[in-house]
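For reference, the structure discussed in these notes is given below.
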Amino acid sequence: MAPERVPGPVVPSRAQLRQGPLASAFDDPSMERYRTSQALRRISVLQVGLTLVLVTVPILLYHWHQTDPAMPLWAFAVAAVVLFIPWMFVTGMCNGSVSGIFDLRDAQLDEIERQDRDAAYRTAYRALIPVTMVLLGTVSGLSAAGRGIWVFWLVSLFLCALLGLPQHIAAWRLAARGDADAAQADGPSRDA
Amino acid sequence: MMLRKTTTKTNRYALAISPRVARVLSVLSIGSLWAWFFLKFYLTAESTWLMRAVGELALLGVGGSMILFATQYLNQAYGEDHEIDERERSARDRAYRVALNYVLWVFVLTFVTLEVAGARDVPKATGSAIGFPAVISKGVVENFLVVLFFTTFALPPAILAWWDRGESDEG
Amino acid sequence: MHNRIALFRAERGLSRKALAEAVDVNPQTIGFLERGDYSPSVELALRLAQVLGARVEMLFALDPFPSLADQLGATAESETP
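Protein chains in written order, with numbering that gives the first Met the number 0: chain A, 0 to 191; chain B, 0 to 170; chain C, 0 to 80.
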C-alpha cells in the first residue's frame, strides 16, 4: 500500500485573510459601482483634477499673501484644509476602484491582482527616471528666470503625482481590460 | 571587478562584481549622495575646504551609482521582459515596488526635514528663496532632484544585489 | 508549493545549468525552484515536467511529498508474501 500524502500546514485561504476591516471595505458590494471601465476613468480624471487644484490654489494664495499683505494668511490654511477633504475622499475612491491592490498584503491578493499591482509599480518607476530628468531641467530653467513660486508648485505637483501614479496606471489598465472583456462578451459566441 | 557576460538569456556584457561588493557600493554611493545633500544644506560658504570635501562625496555617490548601474544587475533591473526569466521578472517588479516606496518616503521626509530645519536655520533670503513656509533656496531643490535622479537609477540594481544569495550556477 | 525537482534532476544526471538551459531560465532560478522560494508559472512547470520526463503532479504538489524511504518501505512491504 502506497503511503498517503502528508497534509501540509493549514494555510488560511484568501477569503479568510480578507476578513479584516480594510479588506472587507474593499470587498463591499457597494464598491462595485466604482469598478466599471467608465467609473475607473472618471475617478482617475477627477483625482488628477483635484490634485492640481489642491496643489495650485493654496500656493497661489500664499504667493498672493507675500505680494499683498492685505491678503490674510489664514485664507491659505483654510483653502488647504477645505480642498484636502474632497481630495482625500476621491483618493480613497481611487484606491477602492482598483480593489485596494496597493493597500492589501500579498496574501490577500490573487495572482492577477498582484500582477496588476506590480505592472503599475513597474510602469510608474520607469516613468520616474525621465520625469525626474525633465523636472531637474525645468527647475533649473525656472530658477534662472527667478520664478521660485513655480519651482515650489512643480515640486509639490511631482510629489502628489508620485503618490498617485501607480493607482492611476492600474485604473486605466483595469478600464482597458474591462472594455476588452465587454467587447468579448458582446461578440459572437463560438457555438453560434 | 571585470567585464563578463551575464547569465541572463541575452548574455550581455556587464561589470561582474560579487553581491557583497555590490551591497557595499550601494550603501556607499546612495549614502554619499544623501550625506552630500544634507551637509551642503547645513554648511556655510565660508568653510571652503570643507565644501570641497563635501563635493567629493557627490562625486563618490555619482560614480558609485554609475558603476552599480553597469553591473550584472543592470540587465535584470532595466532589461526588456523577454531578456529575463519569470523569476527574475518577479524579483525586478518587487524591487521596483520597494524602490518607489523608498523614493516616496524619502521625498516626504526630506521635505519635512527641510521645512523644519529651514524654518530655524536658513536666514530669510530675498529673491532666490522659494519660501513656503520655510525658506528653501532653489539650489537645495536642484541638489535634491540630482540626488533623487541618481538614487532612482541605482536603487533597483542595489535592491537586487541585496537579495542576491550569490549562489553558484552549478549544483 | 512543494516540489521534487532536485530529486528528478539528480536522477536524470543534469546540473542546474543544464536544466536551466533546457527550460530557458537563469541557472539561479533552478535553485529558487528547488528550495521552494519561487512558485513557477504553469508554462514553466510544464516545460520542467517535459524535460525531466515526469508528469507535473509528480513534480509539484500543494501538500508535502511523502519521503522516498517511506514509499520504498511501503512498496517492499506490499511485495513481501
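Using N, Cα and C, we set each Cβ at its ideal position, and we do this for glycine too.
Just so you know, these numbers come straight off a predicted model, no measurement behind them.
Query: Proximity test, Cβ basis, 9 Å: V121/B and chain A; Result: Only weak support exists for where V121/B lies, its pLDDT of 42 falling under 50; the value from the coordinates is given anyway. With 9 Å as the cut-off, V121/B does not count as an interface residue toward chain A.
Query: DSSP three-state assignment for Y12/B, whether helix, strand or coil; Result: strand
Query: First through last residue of the alpha helix (DSSP H) which encompasses H64/A; Result: 36-66
Query: CA-to-CA distance, Y37/C to V97/B, given in whole angstroms; Result: 18 Å
Query: Under 7 Å by beta carbon: chain B residues contacting L162/A; Result: L103
Query: Straight-line gap, Q65/A to D178/A (C-alpha atoms, nearest Å); Result: 49 Å
Query: Within chain B, the residues that R121/A reaches when beta carbons sit closer than 7 Å; Result: D92, Y95
Query: Candidates V133/A, S43/A, G99/A: closest to P205/A by CA position; Result: Any property of residue 205/A remains undetermined from this structure, which presents chain A solely from 0 to 191.
Query: Beta-carbon gap between S96/A and A182/A smaller than 9 Å; Result: no
Query: Interface flag, G30/C vs chain B, CB-CB below 9 Å; Result: yes
Query: Cβ pair A73/C, M0/C closer than 9 Å; Result: no
Query: As assigned by DSSP and simplified to three states, the class of A98/B; Result: helix
Query: Contact set between the segment 79-91 of chain B and chain C, restricted to residues whose Cβ is under 8 Å from the partner; Result: I83, D84, E85, R86, E87, S89
Query: C-alpha gap between P28/A and T55/A, whole angstroms; Result: 36 Å
Query: Spatial distance of A34/B from G140/A (CA atoms); Result: 26 Å
Query: Spatial neighbours of S66/C in its chain, beta-carbon cut-off 7 Å, leaving aside the 5 residues before and after; Result: none
Query: Nonlocal neighbours in the same chain, by C-beta distance under 7 Å from Y33/A, ignoring five residues either side; Result: I42, M92, G95, S96
Query: Q27/C, buried or exposed, once every other Cβ within 10 Å from all chains shown has been counted against 16; Result: buried
Query: Distance between beta carbons of K137/B and V150/A, contact taken as under 8 Å; Result: 6 Å
Query: Best match in L24/B, G63/B, A157/B, N142/B for proximity to F182/B [C-alpha to C-alpha]; Result: A query on residue 182/B cannot be resolved here, the shown segment of chain B reaching from 0 to 170 and no further.
Query: Residues sharing a beta bridge with N2/C, DSSP; Result: F59/C
Query: Host alpha helix (DSSP H) of H167/A (start-end); Result: 147-185
Query: Boundaries (first-last residue) of the alpha helix (DSSP H) holding R129/A; Result: The amino acid at residue 129/A is misidentified as Arg; the sequence shows Pro. Unbroken alpha helix (DSSP H) run through P129/A: 110-143.
Query: Helix, strand or coil at S136/B according to DSSP, with G and I counted as helix; Result: strand
Query: Classification of I128/A by the beta-carbon crowding that lies within 10 angstroms, buried from 16 upward; Result: exposed
Query: Assumed close pair A153/B, R22/B - CB separation to whole angstroms, cut-off 8 Å; Result: Not confirmed; about 12 Å, so no contact.
Query: Sequence ranges, alpha helix (DSSP H) only - wholly within the segment 67-104 of chain A, length at least 4; Result: 72-96
Query: Beta-carbon proximity list for V61/B, same chain, < 7 Å, skipping 5 on both sides; Result: F149
Query: Contacts around Q75/B, its chain only, beta-carbon distance under 6 Å, and the 5 residues preceding and following it disregarded; Result: I83, E87, R91, L159
Query: Where the segment 136-147 of chain A meets chain B: residues whose CB sits under 7 Å from a CB there; Result: V138, S139, S142, G145, G147
Query: Contact with chain A by V107/B, beta-carbon distance below 9 Å; Result: yes
Query: Contact belief for Y95/B with P155/B at Cβ below 8 Å, rounded distance in angstroms; Result: 6 Å
Query: Cβ-Cβ distance between V138/A and L144/B below 9 Å; Result: yes
Query: T50/A classed as buried or exposed, judged by whether at least 16 other C-beta atoms fall within 10 angstroms; Result: buried
Query: Contacts of V154/A in chain B (Cβ-Cβ under 7 Å); Result: V140
Query: Below-9 Å beta-carbon distance, Q27/C vs any chain B residue; Result: yes
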